[in-house]
Amino acid sequence: MNKKLSNQFLVNFLVIFLLTILATVLAFAMLSFASGLISGSLVKNQYPASAIIKEDYRQIDASGVVQSGGGVQVVDREYRVVFSRGLDTIGKEKLSAGEFTKFLTESKSRPYHYDIIYQPEGEFWLIVTFPTSIRMDFSLLYNEEASVGDFIHAGWAIALVALSYLLIIALFAFIYSRITAAGITVPLRKLCDGTRLLREGDYSARVDLRLKNEFAELQNTFNDMAARIEHEISLRKKSEEDRRRLILDISHDLKNPMSSIQGYAELLMKKSDLSEQESNEYLEVILNNSKRANRLLTELFELSQMDSPEFSLKLVRTDISEYIRQICGELVPQLERAGFEYEFDILEESVFVLLDTDRFGRIIQNLADNAVRYNPPKTKVTVNLTVQNNQVVIDFSDDGIGIPAHLANHIFKPFVRADDSRNSKTGGSGLGLSIAKRIAEMHGGDLILCICGNKGSTFRITIPTI
Ligand code: ADP
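In the working numbering, the protein residues as written are 29 to 494.
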């Protein structure tokens, strides 16, 4: 890519330079043509020295020249300026031979037009001077009478100069094409390198071109794309990791009750001398473990059901104050059985939200079950409902053993428990809070664990009002 672009640039620049030379030659030709067209109207051509010269310089009529802004000088054999009218660029009355020669040879380089002729009879030079308007000296002269050797030498010199000129142009075109091509190939190369790294799986690859042109736009798009891919890949890795952990947790949590069921069932079958009380105890263990396994599988099914795209809530416009008041009433027998104290502080006014009442009730029930399951008698449960910034906020608190602050976010992940040894006694699946949070999220709200420094735990449910 690099070479092809550079070569393309080189060819383009060579063509442009050659066209420029052609245009320059054409411009000179046109200038020469234009100069021929206007030459008749220029004052210097109206008063040539030959037109006013006389044998006796005293008879020369310089009035026309002087009126047209020019000057007439006569220099005799002794290089004395013996006659001067109008414009005088010699500036001296007497010149040395060297000064006069210098004047003659350098007359071409001054901004004046000099027409000089020698009058052999009067032995003087007549110099007619006009200020030059604009002059461009470019002319090619040759004389067929020159010697062949001179022609060959001059031809070689011209050919050499022309060749050097073309070589210099080619060299400049080459250098310039490389520099210009680099402005495109370098960022392109960096972008290609970045793309290659992405293809090879390095999603942290980013491109820094330090440019402000269209390439910068391409660079930003590339970097955004790379960042998005990196984010997606990390999400995918995390979800794979979660899935792996989930399978591990499920198999681990199912293993215990299943092996217990298997072990006790085998005992019942093998031991014929068991008393009725022993048989009943074994059967009870089998029943409890099968309940535990069943609960785990039911909750797992519920969780995966909610993650499926087909799953949707049956949302109904509901007065949530009234609804929570009713649910709290239903919790009272359970709390009293567990020897808990309770306090409900629910807003008097009606507040309407879109609710799937069956599912939403599951959140409150789960929080109440947990409070009862993990805390000792005499624990106080408080339910508080307020409205803040178009959100219904339900705080479900207890002043029990609490949940460590570092688990505040993790506790909502499947199978995460505050204390595994405690949990095995209580028989929880570790899925309840995950399901509850998912239900709150599907209502457009959330379920979080508040770290407010109070004793016990406070779970906060939020749901938008309508
Ligand atoms: P499960 O109760 O089935 O184990 P959850 O997801 O409902 O699963 O709860 C996760 C963990 O959070 C529980 O195992 C428990 O350790 C802790 N937890 C939940 N609620 C409370 C609470 N009110 N007080 C103390 N710990 C709690």
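Note that the Cβ used here is the ideal one computed from N, Cα and C, for glycine as well.
For this session: With a threshold of 8 Å, establish whether the CB of D397 neighbours any heavy atom of the ligand ADP.
Result: yes
Exercise. Who pairs with H141 in a beta bridge, going by DSSP?
Worked result: F158
Exercise. Using CA coordinates, which residue listed in T117, V411, V102, I463 is at the minimum distance from S485?
Worked result: V411
Exercise. Who does F152 pair with in a DSSP beta bridge?
Worked result: D104, Q147
Exercise. Going by the C-beta, is A464 closer than 8 Å to any heavy atom of the ligand ADP?
Worked result: Yes, the Cβ of A464 comes within 8 Å of a heavy atom of the ligand ADP.
Exercise. Is it a yes or a no for the stretch 316-326 touching the stretch 350-359, going by three-plus beta-carbon pairs under 8 Å?
Worked result: no
Problem set entry | 7 Å CB neighbourhood of Q36 in its chain, flanking five on each side removed | Taken in chain order, the list of residues that qualify is empty.
For this session: Return yes when at least one heavy atom of the ligand ADP lies under 8 Å from the C-beta of I431, else no.
Result: Taken from the Cβ of I431, at least one heavy atom of the ligand ADP lies inside 8 Å.
For this session: Please specify which runs of the beta strand (DSSP E), each continuous and at least 3 residues long, are wholly inside the stretch 406-458, giving them in chain order.
Result: Entirely contained in the stretch 406-458, the beta strand (DSSP E) runs reaching 3 residues are, in chain order, 408-416, 419-426.
Exercise. Got a sec, what are the start and stop residues for the beta strand (DSSP E) R86 sits in?
Worked result: Run containing R86: none; DSSP gives neither H nor E here.
Problem set entry | Length of the line joining the Cα atoms of I162 and P139 | 8 Å
Problem set entry | Alpha-carbon to alpha-carbon, F329 and N398 | 20 Å
Exercise. Nearest to A198 by CA position, among R365, T48, F372, is which residue?
Worked result: Of the candidates R365, T48, F372, the one whose C-alpha sits nearest the C-alpha of A198 is T48.
Problem set entry | Whole-Å CB distance - V93 paired with Y75, under 8 Å assumed | 5 Å
For this session: Verify the contact flag: G481, CB atom, against every heavy atom of the ligand ADP, threshold strictly below 8 Å.
Result: no
Exercise. Got a sec? Which residues, its chain only, sit under 6 Å from F128 by beta carbon, not counting five neighbours each side?
Worked result: Y107
Exercise. Whose CA, out of Y193, T208, E258, F200, lies closest to the CA of L225?
Worked result: Closest by C-alpha distance to L225, out of Y193, T208, E258, F200, is E258.
Exercise. For the stretch 42-93, which segments carrying the alpha helix (DSSP H) assignment without a break, of at least 4 residues, lie completely within its bounds, in sequence order?
Worked result: 71-74, 77-80
Problem set entry | Heavy atom of the ligand ADP within 8 Å of G473 beta-carbon | no
For this session: Label Q101 either buried or exposed according to how many other C-beta atoms from any shown protein chain fall within 10 Å of its C-beta, with 16 as the threshold for buried.
Result: With 16 or more other CB atoms across the displayed protein chains lying within 10 angstroms of its CB, Q101 is buried.
Exercise. Looking only at C-alpha atoms, which of I391, D447, G456 sits nearest to L475?
Worked result: When only C-alpha atoms are compared, the closest one is I391.
Problem set entry | As assigned by DSSP and simplified to three states, the class of L38 | helix
For this session: Output the distance between the C-alpha atoms of V415 and R345, rounded to the nearest integer angstrom.
Result: 17 Å
Exercise. How would you call K72, buried or exposed, if buried means at least 16 neighbouring beta carbons within 10 angstroms?
Worked result: buried
Exercise. Ends of the alpha helix (DSSP H) at G114?
Worked result: It is not in any alpha helix (DSSP H) - G114 instead sits in the beta strand (DSSP E) that spans 109-114.
Exercise. From which residue to which residue does the beta strand (DSSP E) around I374 run?
Worked result: In the DSSP assignment, I374 falls within the beta strand (DSSP E) that extends over 369-374.
For this session: Would you mind giving the Cβ-Cβ distance between D154 and A77, rounded to the nearest angstrom? I have them listed as a contact below 8 Å.
Result: What sits at residue 154 in the sequence shown is Leu, not Asp. 5 Å between Cβ atoms; contact.
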